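There are 2 protein chains.
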Amino acid sequence: MTEVEFLAEYDPAAYERPALAVDLVLLGLRDGRLTALLLKREQFPHAGRWGLPGGFVGIDQPIDAAALHVLSEKAGLAGMHLEQLYTFGALDRDPRMRIVSVAYLALLPESAFSEALERSSSLLAATIEVPWSGEAGGPVSALSPKGETLPLAFDHADILAMAILRLRGKLDYSDVGFAFLPEQFTLRQLQDVHEAVLDTTLNKPAFRRRMLDRGWLAPTGLREAGTSFRPAELYRFQRSR
Amino acid sequence: MTEVEFLAEYDPAAYERPALAVDLVLLGLRDGRLTALLLKREQFPHAGRWGLPGGFVGIDQPIDAAALHVLSEKAGLAGMHLEQLYTFGALDRDPRMRIVSVAYLALLPESAFSEALERSSSLLAATIEVPWSGEAGGPVSALSPKGETLPLAFDHADILAMAILRLRGKLDYSDVGFAFLPEQFTLRQLQDVHEAVLDTTLNKPAFRRRMLDRGWLAPTGLREAGTSFRPAELYRFQRSR
DNA sequence: GGAATAGTGTCTGTGAGACACTATTAA
DNA sequence: TTAATAGTGTCTCACAGACACTATTCC
Numbered sequence: 001m002t003e004v005e006f007l008a009e010y011d012p013a014a015y016e017r018p019a020l021a022v023d024l025v026l027l028g029l030r031d032g033r034l035t036a037l038l039l040k041r042e043q044f045p046h047a048g049r050w051g052l053p054g055g056f057v058g059i060d061q062p063i064d065a066a067a068l069h070v071l072s073e074k075a076g077l078a079g080m081h082l083e084q085l086y087t088f089g090a091l092d093r094d095p096r097m098r099i100v101s102v103a104y105l106a107l108l109p110e111s112a113f114s115e116a117l118e119r120s121s122s123l124l125a126a127t128i129e130v131p132w133s134g135e136a137g138g139p140v141s142a143l144s145p146k147g148e149t150l151p152l153a154f155d156h157a158d159i160l161a162m163a164i165l166r167l168r169g170k171l172d173y174s175d176v177g178f179a180f181l182p183e184q185f186t187l188r189q190l191q192d193v194h195e196a197v198l199d200t201t202l203n204k205p206a207f208r209r210r211m212l213d214r215g216w217l218a219p220t221g222l223r224e225a226g227t228s229f230r231p232a233e234l235y236r237f238q239r240s241r
Numbered sequence: 001m002t003e004v005e006f007l008a009e010y011d012p013a014a015y016e017r018p019a020l021a022v023d024l025v026l027l028g029l030r031d032g033r034l035t036a037l038l039l040k041r042e043q044f045p046h047a048g049r050w051g052l053p054g055g056f057v058g059i060d061q062p063i064d065a066a067a068l069h070v071l072s073e074k075a076g077l078a079g080m081h082l083e084q085l086y087t088f089g090a091l092d093r094d095p096r097m098r099i100v101s102v103a104y105l106a107l108l109p110e111s112a113f114s115e116a117l118e119r120s121s122s123l124l125a126a127t128i129e130v131p132w133s134g135e136a137g138g139p140v141s142a143l144s145p146k147g148e149t150l151p152l153a154f155d156h157a158d159i160l161a162m163a164i165l166r167l168r169g170k171l172d173y174s175d176v177g178f179a180f181l182p183e184q185f186t187l188r189q190l191q192d193v194h195e196a197v198l199d200t201t202l203n204k205p206a207f208r209r210r211m212l213d214r215g216w217l218a219p220t221g222l223r224e225a226g227t228s229f230r231p232a233e234l235y236r237f238q239r240s241r
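Protein chains in written order, with the UniProt record's numbering: chain A, 1 to 241; chain B, 1 to 241.
Listed below in structure tokens is the structure:
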């Protein structure tokens with residue numbers, strides 16, 4: 001049977017369909033560590049475990065719109081940039097029924113991150129621990145602010161691992177790193193972002209040269225305030241060319 | 001309403017669900033050009049246009065398994081490596097009903113490519129033309145072997161564009177390029193693969209050095225046959241470390 | 001020997017890492 | 001003046017592009 005024949009004979013109601021959902025990895029940086037917003041599950045299944053904010057995709061809703069809807073409903077945020085990550089469709093990901101989930105990634109500046117935490121008391125900022133086989137994308141673990149390991153629901157450890165893998169892969173050659181920063185920032189803050197994401201230390205002069213040569217940084221002429229030492233120059237991100 | 005409450009109240013049958021499908025981008029190299037396997041659509045919708053091999057995901061079928069099933073049913077191939085590309089879920093991608101499609105990418109060596117063409121007479125090898133804003137991922141066009149532009153069905157031009165974007169992005173730092181080659185190959189063939197995918201010419205000594213330094217190439221000690229000039233050494237791909 | 005391609009030696013420029021240095025601020 | 005961090009000058013090394021050269025095969 002060819003695809004054409006199959007589709008022609010296909011009765012929309014004849015076959016049972018998987019449910020379609022979205023899950024959101026909302027990442028921020030706290031104390032130089034990658035941090036994700038998690039929700040505690042109160043009921044079966046996986047009650048007591050921690051999960052990513054998620055929701056179902058409506059029949060008349062584009063997938064991206066469903067993701068934006070979850071962003072607004074569960075995290076009280078709007079206008080963040082969401083990037084589709086991967087679609088998870090193992091048979092046993094959810095014990096209730098077959099659910100296929102499209103995972104999205106959003107990077108939050110500190111202001112949005114704490115705004116979300118304030119608006120929804122059920123959200124928790126969990127530090128993401130990448131076992132230093134990080135490159136391989138192995139499962140990650142989540143730690144509460146007190147340092148306790150949080151049990152994760154469903155396959156959400158895999159989703160988090162893929163988010164971090166993607167983030168690390170794109171950090172060097174794209175402008176994703178700026179998404180963690182406020183409107184104005186110093187080169188040191190930018191370097192802190194890269195060091196936190198990659199979990200390494202970077203060479204300062206080399207990092208500055210690289211960033212300045214890309215044409216993504218517009219000097220504001222302003223300087224940071226409130227330091228007890230020489231204040232650093234503030235830059236603004238501008239998409240080059 | 002929190003996610004937990006939503007899921008708890010969710011009645012599996014209460015909401016209409018999108019249909020879930022997979023579409024396969026099967027790429028090979030012919031005459032130094034990227035080439036995809038397309039199927040002609042005989043019936044409405046998009047009758048007469050060309051589409052990617054695809055099929056629906058069964059309720060008890062993992063998404064990857066559905067993709068492998070399409071690979072076997074529509075292309076007569078087995079054991080190829082499939083990589084999930086992206087999930088397309090616009091409301092109007094299919095005029096009949098809401099269909100969300102998970103796109104997969106497979107790279108075929110010439111032997112598998114022509115094997116598929118032989119087994120299914122409805123398949124066509126279409127040259128993929130990337131308008132040289134290629135980097136941006138703009139829509140691509142497909143050309144028949146005679147050079148005529150083929151009208152593509154649904155959003156399959158976008159899917160093809162994303163496949164090529166992904167392929168180009170991974171070529172430099174991963175081993176995907178070897179997927180186009182037979183068991184044994186020459187360095188010139190490997191360079192041809194890279195040049196075809198990137199649509200550029202590459203520097204020969206630099207390319208050799210880079211490839212040999214990666215430790216992915218095991219010399220076989222054999223040489224290619226049938227040339228009317230100095231035969232090149234044959235290498236085999238080996239995953240390093 | 002000629003034609004054609006395989007494969008190499010070497011120069012040069014670019015860019016990153018290392019490291020020490022200067023600059024500027026608050027206290 | 002001191003402490004602390006911002007920001008720079010410069011050396012070195014790794015690596016890619018360019019180009020010319022040598023090597024090897026068939027005819």
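Ideal placement from N, C-alpha and C gives every residue a C-beta, glycine not left out.
Computed from a prediction, not measured in an experiment: that's the story for all the values here.
Of the residues the options, the one placed nearest residue i, counting alpha carbons only
{"i": "Pro231(B)", "options": "Ala103(B), Leu202(B) and Phe185(B)", "result": "Phe185(B)"}
{"i": "Leu105(A)", "options": "Pro53(A), Phe207(A), Asp192(A) and Arg239(A)", "result": "Pro53(A)"}
{"i": "Pro205(B)", "options": "Arg30(B), Asp199(B), Ser111(B) and Leu187(B)", "result": "Leu187(B)"}
{"i": "Glu42(B)", "options": "Arg239(B), Leu152(B), Ser240(B) and Thr220(B)", "result": "Leu152(B)"}
{"i": "Leu82(A)", "options": "Gln238(A), Asp175(A), Asp92(A) and Ala103(A)", "result": "Ala103(A)"}
{"i": "Phe154(A)", "options": "Gly32(A), Leu38(A), Phe237(A) and Arg209(A)", "result": "Leu38(A)"}
{"i": "Tyr173(B)", "options": "Arg214(B), Ser144(B) and Pro139(B)", "result": "Arg214(B)"}
{"i": "Gly32(B)", "options": "Phe237(B), Gln191(B) and Glu16(B)", "result": "Gln191(B)"}
{"i": "Gly58(A)", "options": "Arg30(B), Phe44(B), Ala36(B) and Tyr15(B)", "result": "Tyr15(B)"}
{"i": "Trp216(B)", "options": "Ser114(B), Leu222(B) and Arg208(B)", "result": "Arg208(B)"}
{"i": "Leu124(A)", "options": "Ala36(A), Leu234(A), Glu233(A) and Ala218(A)", "result": "Ala36(A)"}
{"i": "Ile99(A)", "options": "Asp199(A), Ala19(A), Pro131(A) and Ser121(A)", "result": "Ala19(A)"}
{"i": "Pro45(B)", "options": "Gln84(B), Leu34(B), Val22(B) and Asp94(B)", "result": "Asp94(B)"}
{"i": "Gly221(B)", "options": "Tyr235(B), Phe229(B), Arg210(B) and Ser228(B)", "result": "Tyr235(B)"}
{"i": "Asp199(B)", "options": "Leu117(B), Glu224(B), Ala218(B) and Leu167(B)", "result": "Leu167(B)"}
{"i": "Phe80(A)", "options": "Glu110(A), Ser120(A) and Lys170(A)", "result": "For the sequence presented, residue 80(A) should be read as Met rather than Phe. Considering only alpha carbons, the answer is Glu110(A)."}
{"i": "Val176(A)", "options": "Leu107(A), Phe229(A) and Pro131(A)", "result": "Leu107(A)"}
{"i": "Leu34(A)", "options": "Val130(A), Thr227(A), Phe178(A) and Leu202(A)", "result": "Val130(A)"}
{"i": "Leu143(A)", "options": "Ala112(A), Ala116(A), Arg30(A) and Asp92(A)", "result": "Arg30(A)"}
{"i": "Pro139(A)", "options": "Ala126(A), Ser228(A), Ala163(A) and Ser121(A)", "result": "Ala163(A)"}
{"i": "Thr127(B)", "options": "Lys170(B), Ser120(B) and Phe113(B)", "result": "Phe113(B)"}
{"i": "Ser120(B)", "options": "Phe56(B), Arg96(B) and Lys40(B)", "result": "Lys40(B)"}
{"i": "Gln238(A)", "options": "Phe178(A), Arg96(A) and Met97(A)", "result": "Phe178(A)"}
{"i": "Phe56(B)", "options": "Gln189(B), Ser101(B) and Arg223(B)", "result": "Ser101(B)"}
First and last residue of the uninterrupted alpha helix (DSSP H) at residue i
{"i": "Pro207(B)", "result": "Reading off the sequence, residue 207(B) comes out as Phe, not Pro. Element bounds for Phe207(B): Lys204 to Asp213."}
{"i": "Arg166(A)", "result": "His156 to Leu171"}
{"i": "Leu77(B)", "result": "No alpha helix (DSSP H) holds Leu77(B); DSSP gives it neither H nor E."}
{"i": "Leu187(A)", "result": "Leu187 to Leu198"}
Residue i: contacting residues in chain A (beta-carbon distance under 8 Å)
{"i": "Ile59(B)", "result": "Tyr15, Glu16, Arg17, Pro18 and Arg98"}
Limits of the beta strand (DSSP E) - the one that residue i falls within
{"i": "Glu233(B)", "result": "Glu233 to Phe237"}
{"i": "Val25(A)", "result": "Ala19 to Arg30"}
{"i": "Gly221(A)", "result": "Leu217 to Arg223"}
{"i": "Gly54(A)", "result": "Gly54 to Phe56"}
{"i": "Ala36(B)", "result": "Arg33 to Lys40"}
Contact set between residue i and chain A, taken where Cβ atoms lie within less than 7 Å
{"i": "Ile63(B)", "result": "Thr87, Gly89 and Val100"}
{"i": "Phe180(B)", "result": "Those within 7 Å of Phe180(B) in chain A number zero; the least Cβ separation is about 22 Å."}
Interface residues of chain B facing residue i [CB-CB closer than 9 Å]
{"i": "Gln191(A)", "result": "None at all; the shortest Cβ gap to chain B is about 23 Å."}
Partner residues on chain B for residue i, Cβ-Cβ distance less than 8 Å
{"i": "Gln84(A)", "result": "Tyr86 and Thr87"}
Checklist line | Entirely enclosed beta strand (DSSP E) segments - the region 84-153 of chain A, minimum 3 residues | finding: 99-107, 123-129 and 141-143
Margin query: If contact is defined by three or more beta carbon pairs under 8 Å, each pair taking one atom from either stretch, is the region 17-37 of chain A in contact with the region 53-73 of chain A?
Written below: yes
Check: Three or more C-beta pairs closer than 8 Å, one from the region 182-201 of chain B and one from the region 146-163 of chain B: is that the case here?
Finding: no
Notebook entry, point to check: When the Cβ atoms of the region 43-50 of chain A are set against those of the region 74-86 of chain A, are three or more pairs found closer than 8 Å?
Noted result: no
Notebook entry, point to check: For the 8 Å Cβ check, are there 3 or more pairs between the region 85-96 of chain A and the region 58-68 of chain B?
Noted result: yes
Notebook entry, point to check: Are at least three pairs of beta-carbons, each pair with one atom in the region 136-149 of chain B and one in the region 185-196 of chain B, less than 8 Å apart?
Noted result: no
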